[in-house]
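*Asks:* First the structure, then my questions, so here it is.
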Amino acid sequence: MRLFKKSYLSFQNFLLLKEVDRNTSGIPLDEKNPNCIEMKKLTCYWDKSLDAPSLQNVSVNVKSHKLLTVIGPVGAGKSSLLSAILRELPLDTGTLQVKGQLTYASQQPWLFPGTIRSNILFGRELNSTKCICGLLKNKTRVLVTHQLQHLRTNDHILILKEGHVMAQGSHRELLSSGLDMESLMRSGEEQERCARSGDSDKVSLRSQRTNNSYGSHGPNSSLLPPESSCTNQLPVESVCNMVEETREEGDVSGSIYLQYFTGGRNPLALLAIVVLSVTAEVAYILQDWWLVYWTEAKCCNSTATDIGFTNGTDTTHSDAFSLTFYLSVYSGLTAAAVVFGYARSLVIFHGLVRSAQTLHDSMFSAVLRAPVAFFDVNPIGRILNRFSKDISQMDSMLPITFVDFYQFFLLITGVVAVAAAVIPHILIPIVPLFLVFLYLRRFYLSTSRDIKRLESTKAWFLFLMTSRWFALCLDSLCSVFITFTTFACIFLRDGLGAGQVGLVLTYAVTLLGNFQWTVRQSAEVENMMTSVERVVEYTQLKSEASWETQKRPPPDWPSRGMVMFKRVNFSYGSDGPQVLKDISITFQPNEKVGVVGRTGAGKSSLVSALFRLGEPEGEIYIDGVLTSEIGLHDLRQKMSIIPQVQLRPVVEELPGRLETVLAESGSNFSVGQRQLVCLARAILRKNRVLIIDEATANVDPRTDKLIQRTIRDKFRECTVLTIAHRLNTVIDSDRILVLDSGTIQELDRPFTLLQNKDGALYKMVQQMGPTEAAALLEAARQLYKKGRSLNGSVINFSSSPNCSNSEDLVM
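In case it helps, the working numbering puts the sequence shown at residues 1 to 811.
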């Protein structure tokens, strides 16, 4: 009842949510209005209980066929502006009108299993010169971005801060007005107040959209080579396609039954079930047999009285004694049948539930220990289906169905045993009938099991048809058995008593309904055993390496932070392509290395090999310790992979500050703010090796600059590997590693690499535009003059605070 009430309230809360208003007025398509989107004094709230609105007094017009770019710091309201246009953010005041239909590309897009190219083109021919300003040039576009280098080509620019419009206009108009956009985004004197998105109890369509999206932010074009080098073709992509879910065929193997029936009990419990089952069935048959014996004894006693063998007084005393005796025995047998039958069902139920729990725990442990490649090729819905639907079958329906089948099976066994004991000749037709039954059952199960595995609505009618056909065949077999039993009683009437004939015929007639039900329940048990089969499959998943081994690293390991790759090859599966090829490189202690490259170049795979998300070929050493010889727990807890961002301003602006409860998946925060929260989870582990994997993709340049300053100031004694979207993130690194198709393309100090005009890094910098390229070159030159050693390690630090001193960044 409690679960019903909880489910009812959940449905009620969902149904009472405010509906999205789809009947809003828009700009007529035939109206000669140059604007495609019109906003006038727009104010919106995700939750009115908060003090500050998500958007406040926003007025902007977007002309048809133009590109509007929206920029602003983290939490400025950029995503809220798009949600308002989509009518998913409720309008409080003001007006909003849109002409025509909308297409939305979210910050966290939905992606289907396949290559990047197939997700974009859906099988169409590739033309790499067409993009936002090519294929979509005749559309009205609203682009939200942190990449300032793209602003030059935009028709209109909207700058938001704390939900307010700071400025708007074309790129030339904003520059001529004296507005320094980079200063506004990157180095303002005042820290921006991050807009609140709502408290932990907020339920919004934005959170639903975020929770149901897949994938991650897309690649940044600033790391791509110039168009001339990639026009002809894109590189071959290394992808992990989703595998089809395996569907077993044929009978459920005996090992599945053995694992299920022995999973939650010891041999003594199995012996107890057998003893209780036999005892309960014997007691049930004996009470009927005793009733027959009682009737025959009564008849014999009445006959003797009629011919005058006893006087009246003795007869009365004998009848009273007989009645008490026979009634006591009959009552005792009935009570024994009830008690032993109840105990049998109780023990079986308890054992089956225990078995389901044991298999669930084994599956849960196996999934937790499964390698990352397993989750790459199996969608989360498929995994959750095993823990929800299959486990639910094992917890509820399967025990009930099995106990029902088991009880009726014992009943039918007793019927045949009684019939054979009274009329031994009955065994003659039972043998061919049993063979026919086995053939029909096998034929039926081979069809119904596969139909059940399909679990399709169209297959349901076929399942009903096969079930009815099987019931008709079973009733026919039972009718043959009853007919033969009846004629046997007639032919053998001289040797049978009336009570025996009545007992045999009564038992035989019960077969007409019970036999059909028993066989159908046995088929249902076997159909439901497919759920056990699927759960057992996941209990046997290949696991990662051991969490702990006999070879343990020293307690203070790693003390220096030197990382060395020696002829490392890496793939995400035994049959998958190599994503790292013959990588040999050494990262010196305290060194800051930036890792760049195109999408699919192997940047994240470098981190995967370091954390042993898959087992690499070759050798990886950290402070002289071979990582493949130590346990995964010892390895991974000594390294931190963090999305480095500034946390303090966001925490200070939350309604409950540090006590604020995050919604599921942090959906009450923007994507950038969610990255801020992740900082405290990893940065305080005081590790000597830090990996920053594309952590600043969703933050503005000002916060990005703060992150890099924090890394330089607070992590001087840590080895830092930064996999970046932006070149200005890693331009001040000690060395830059450029990867291409899993191989090392370039590795040297930034200024040295930029002297090679044919090099990959130089081409990436030139792609940023002349102004940004000049700034990056100057930054690299200044770093070169600061006295860094030629071998790439850091020297001449004036101070060296430990990498663990990061509390002022968090709070």
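Idealized CB from N, CA, C, for every residue including glycine. All of these numbers come straight from a predicted model, not from anything done at the bench.
Below 7 Å CB to CB, which residues in the same chain sit around residue 817 once its five sequence neighbours on both sides are set aside?
*Replies:* Because residue 817 is not part of the residues shown, which for the chain are 1 to 811, the question remains open.
*Asks:* Locate the beta strand (DSSP E) running through residue 166, then write down its first and last residues.
*Replies:* On the sequence shown, residue 166 is found 166 positions in, with the first residue counted as 1. Residue 166 -> beta strand (DSSP E) spans 164 to 169.
*Asks:* Measure the CB-CB distance between residue 102 and residue 85 and report whether it falls below 8 Å.
*Replies:* Numbered from 1 along the sequence shown, position 102 holds the residue referred to as residue 102. Numbered from 1 along the sequence shown, position 85 holds the residue referred to as residue 85. Yes, the pair counts as a contact, with Cβ atoms nearer than the cut-off.
*Asks:* Where do the N-terminal and C-terminal ends of the beta strand (DSSP E) with residue 571 fall, by residue?
*Replies:* Start at 1 with the first residue of the sequence shown, and residue 571 comes out as number 571. Looking at the DSSP string, the run of the beta strand (DSSP E) that includes residue 571 is 563 to 571.
*Asks:* In whole angstroms, what is the alpha-carbon distance linking residue 784 and residue 777?
*Replies:* In the sequence shown, counting from the first residue as 1, residue 784 sits at position 784. In the sequence shown, counting from the first residue as 1, residue 777 sits at position 777. Roughly 10 Å separates the two Cα atoms.
*Asks:* Is it right to say residue 14 is buried, meaning 16 or more other beta carbons lie within 10 angstroms of its own, or is it exposed?
*Replies:* Within the sequence shown, the letter at position 14 stands for residue 14. Exposed.
*Asks:* Of all the beta strand (DSSP E) runs that stay within the bounds of the region 576 to 610, which reach a length of 3 or more residues?
*Replies:* Listed in chain order, the complete beta strand (DSSP E) runs (minimum 3 residues) inside the region 576 to 610 are 578 to 587 and 592 to 597.
*Asks:* Buried or exposed for residue 46, please, with buried defined as at least 16 other CB atoms from any protein chain shown within 10 angstroms of its CB.
*Replies:* Within the sequence shown, the letter at position 46 stands for residue 46. Classification for residue 46: buried.
*Asks:* How many angstroms separate the CA atom of residue 559 from the CA atom of residue 635?
*Replies:* Counting from one through the sequence shown, the residue named residue 559 turns up at place 559. Counting from one through the sequence shown, the residue named residue 635 turns up at place 635. When rounded, the distance between both Cα atoms is 13 Å.
*Asks:* Only counting the same chain, and skipping five residues up and downstream in sequence, which positions put a Cβ closer than 8 Å to that of residue 16?
*Replies:* Indexing the sequence shown from 1 puts residue 16 at position 16. Excluding positions up to five away in sequence, the list is empty.
*Asks:* Return the chain-ordered list of same chain residues with a C-beta closer than 7 Å to the C-beta of residue 40, the five sequence neighbours on each side being excluded.
*Replies:* Counted from its first residue, the sequence shown places residue 40 at position 40. The residues are 59, 94 and 95.
*Asks:* By DSSP's criteria, residue 542 is part of a beta bridge. Which residues make up the other side?
*Replies:* In the sequence shown, counting from the first residue as 1, residue 542 sits at position 542. Residue 542 pairs with nothing; no bridge assigned.
*Asks:* Indicate whether the contact test is met: 3 or more Cβ pairs, each with one atom in the region 265 to 274 and one in the region 347 to 361, closer than 8 Å.
*Replies:* As far as the Cβ criterion goes, the region 265 to 274 touches the region 347 to 361, which means the pair count is three or higher.
*Asks:* Touch check for the region 597 to 613 and the region 525 to 532: three-plus C-beta pairs under 8 Å?
*Replies:* No, the region 597 to 613 is not in contact with the region 525 to 532.
*Asks:* For residue 585, collect the residues of the same chain with a Cβ closer than 6 Å to its Cβ; drop the 5 residues on either side in sequence, then sort them by chain order.
*Replies:* Here residue 585 is taken as the residue at index 585 of the sequence shown, counted from 1. Counting only Cβ-Cβ distances below 6 Å, and skipping sequence neighbours, we find 565.
*Asks:* Quick check: the Cα distance between residue 749 and residue 715, rounded to an integer number of angstroms?
*Replies:* Within the sequence shown, residue 749 is the residue found at index 749, counting from 1. Within the sequence shown, residue 715 is the residue found at index 715, counting from 1. Taking the straight line joining both Cα atoms gives about 19 Å.
*Asks:* Consider the Cβ of residue 45: report whether some Cβ of chain D lies at a distance smaller than 8 Å.
*Replies:* Absent from the structure is chain D; it holds one protein chain and no more.
*Asks:* Do residue 480 and residue 410 have their CB atoms nearer than 8 Å?
*Replies:* If you number the sequence shown from 1, residue 480 lands on position 480. If you number the sequence shown from 1, residue 410 lands on position 410. No, the pair does not count as a contact, with Cβ atoms beyond the cut-off.
*Asks:* From residue 583 to residue 763, what does the alpha carbon distance come to, in whole angstroms?
*Replies:* For the purposes of this step, residue 583 is taken as residue 583 along the sequence shown, with counting starting at 1. For the purposes of this step, residue 763 is taken as residue 763 along the sequence shown, with counting starting at 1. Approximately 23 Å, taken between the alpha carbons.
*Asks:* Cβ atoms of residue 445 and residue 526: under 8 Å apart, would you say?
*Replies:* As a first step, residue 526 is located in the sequence shown; it is residue number 526 there, counting from the start. As a first step, residue 445 is located in the sequence shown; it is residue number 445 there, counting from the start. Result yes, Cβ atoms of residue 526 and residue 445 sit closer than 8 Å.
*Asks:* Could you tell me the alpha carbon to alpha carbon distance between residue 335 and residue 408, rounded to whole angstroms?
*Replies:* Here residue 335 corresponds to residue number 335 of the sequence shown, with the count starting at 1. Here residue 408 corresponds to residue number 408 of the sequence shown, with the count starting at 1. Their backbone Cα atoms lie some 19 Å apart in a straight line.
*Asks:* Let's test the definition: count the other Cβ atoms within 10 Å of the Cβ of residue 344 and tell me whether it reaches 16, buried, or not, exposed.
*Replies:* Position 344 of the sequence shown, counted from the start, is the residue given in the question as residue 344. So residue 344 counts as buried.
*Asks:* Assuming residue 507 and residue 415 are in contact, meaning their beta carbons sit under 8 Å apart, how far apart are those beta carbons, in whole angstroms?
*Replies:* Here residue 507 refers to the residue found at position 507 when the sequence shown is read from its first residue. Here residue 415 refers to the residue found at position 415 when the sequence shown is read from its first residue. Going by Cβ atoms, the distance from residue 507 to residue 415 rounds to 4 Å, so yes, they are a contact pair.
*Asks:* Is the number of C-beta pairs between the region 594 to 602 and the region 614 to 634 that are closer than 8 Å three or more?
*Replies:* No contact exists between the region 594 to 602 and the region 614 to 634.
*Asks:* Considering only the beta carbon of each residue, do residue 355 and residue 263 sit closer than 8 Å?
*Replies:* Start at 1 with the first residue of the sequence shown, and residue 355 comes out as number 355. Start at 1 with the first residue of the sequence shown, and residue 263 comes out as number 263. Yes. Within cutoff.
*Asks:* For the candidate residues 524, 486 and 362, whose alpha-carbon lies nearest to that of residue 403?
*Replies:* Working through the sequence shown from its first residue, we reach residue 403 at position 403. With distances taken between Cα atoms, residue 403 lies closest to 524.
*Asks:* Determine, using beta carbons only, whether residue 418 and residue 504 come nearer to each other than 8 Å.
*Replies:* As a first step, residue 418 is located in the sequence shown; it is residue number 418 there, counting from the start. As a first step, residue 504 is located in the sequence shown; it is residue number 504 there, counting from the start. Result yes, Cβ atoms of residue 418 and residue 504 sit closer than 8 Å.
*Asks:* By alpha-carbon positions, which one of 32, 753, 162 and 517 ends up nearest to residue 53?
*Replies:* Residue mapping note: residue 53 aligns to position 53 of the sequence shown, counting from 1. Among 32, 753, 162 and 517, the Cα nearest to that of residue 53 belongs to 162.
*Asks:* Determine the burial state of residue 156: buried for a count of at least 16 other Cβ atoms within 10 Å of its Cβ, exposed for fewer.
*Replies:* As a first step, residue 156 is located in the sequence shown; it is residue number 156 there, counting from the start. It counts as buried.
*Asks:* From residue 502 to residue 476, what does the alpha carbon distance come to, in whole angstroms?
*Replies:* Here residue 502 corresponds to residue number 502 of the sequence shown, with the count starting at 1. Here residue 476 corresponds to residue number 476 of the sequence shown, with the count starting at 1. Near 22 Å, if we compare the C-alpha coordinates of residue 476 and residue 502.
*Asks:* Just how far apart, CA to CA, sit residue 367 and residue 471?
*Replies:* Start at 1 with the first residue of the sequence shown, and residue 367 comes out as number 367. Start at 1 with the first residue of the sequence shown, and residue 471 comes out as number 471. So the alpha carbons of these two residues sit roughly 41 Å apart.
*Asks:* Between the alpha carbons of residue 818 and residue 552, how many angstroms are there, rounded?
*Replies:* Look at the range of the chain in this structure, 1 to 811, and you will see that residue 818 is not part of it.
*Asks:* Using three-state DSSP, classify residue 323 as helix, strand or coil.
*Replies:* Reading the sequence shown from its first residue, position 323 is the one you call residue 323. Note: residue 323 maps to helix in three-state DSSP.
*Asks:* Can you tell me the Cα-Cα spacing of residue 116 and residue 346, whole angstroms?
*Replies:* Here residue 116 is taken as the residue at index 116 of the sequence shown, counted from 1. Here residue 346 is taken as the residue at index 346 of the sequence shown, counted from 1. Approximately 55 Å between the Cα atoms of the pair.
*Asks:* Using DSSP with H/G/I as helix, E/B as strand and the rest coil, what is residue 160?
*Replies:* To locate residue 160, count along the sequence shown from 1; it is residue 160. In the structure shown, residue 160 sits in a strand (DSSP, three-state: E or B).
*Asks:* Determine the direct distance from the alpha carbon of residue 43 to that of residue 57, and round the result to whole angstroms.
*Replies:* Indexing the sequence shown from 1 puts residue 57 at position 57. Indexing the sequence shown from 1 puts residue 43 at position 43. Distance between the alpha carbons of residue 57 and residue 43: 5 Å.
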